[in-house]
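Residues 8 to 112, numbered by this note's numbering, are exactly what the sequence shown covers, in order. We treat Cβ as the ideally placed atom computed from N, Cα and C, and that holds for glycine. Following: one structure in structure tokens, then a few remarks.
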Amino acid sequence: METITAAAEGNFTSNFQWNGPDWSDINNLDTSAVGFVKGDALNPDASAQLDEFTGALAGGLNLWTGPINLQDGAPYLADGEVATDQQVWYLPQLLEGMEGQSVPE
8 METITAAAEG
18 NFTSNFQWNG
28 PDWSDINNLD
38 TSAVGFVKGD
48 ALNPDASAQL
58 DEFTGALAGG
68 LNLWTGPINL
78 QDGAPYLADG
88 EVATDQQVWY
98 LPQLLEGMEG
108 QSVPE
């Protein structure tokens with residue numbers, strides 16, 4: 008919304024924004040970059056696990072904390088190292104455990 012307002016006011020400057028979720032209201036279109044609605048097929052146990060996981064994310068859990076290896080087994084993040092935005096955005100190949108070809112054969 009800030010970018011649209013700036014453009015409308017003639018004050019737009021190009022920039023990169025890495026916007027996160029609004030954990031107080033994840034589906035708020037004005038404040039959250041993401042959203043999620045539970046489907047009817049989600050069973051109560053899975054729903055509780057999902058609530059626990061999203062609560063951990065809201066509390067600061069960072070999934071990009073090492074140790075993390077690349078698909079070929081090469082270390083990517085050392086134990087306790089937190090990825091920078093650039094390391095996430097420009098991931099050189101898939102991560103260990105992911106399926107698919109991420110490097111030339």
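Between which two residues does the beta strand (DSSP E) containing residue 82 stretch?
82-84
If I'm right that residue 25 touches residue 92 with Cβ under 8 Å, what's the distance once you round it to whole angstroms?
5 Å
The segment 17-34 touching the segment 49-56, judged by at least three CB pairs closer than 8 Å:
no
For residue 33, which three-state DSSP category applies?
coil
Runs of beta strand (DSSP E) lying entirely within the segment 49-110, each at least 3 residues, in chain order
82-84
My assumption, with CB atoms under 8 Å, is that residue 10 sits in contact with residue 19. Please give the rounded CB distance.
7 Å
Close Cβ partners of residue 77 (< 6 Å) along its chain, the five nearest in sequence each way excluded
83 and 100
Residue nearest to residue 70 in terms of C-alpha spacing, selected from 54, 88 and 56:
88
By Cβ distance below 7 Å, which residues in the same chain neighbour residue 90 in space, the five residues on each side in sequence not counted?
71 and 84
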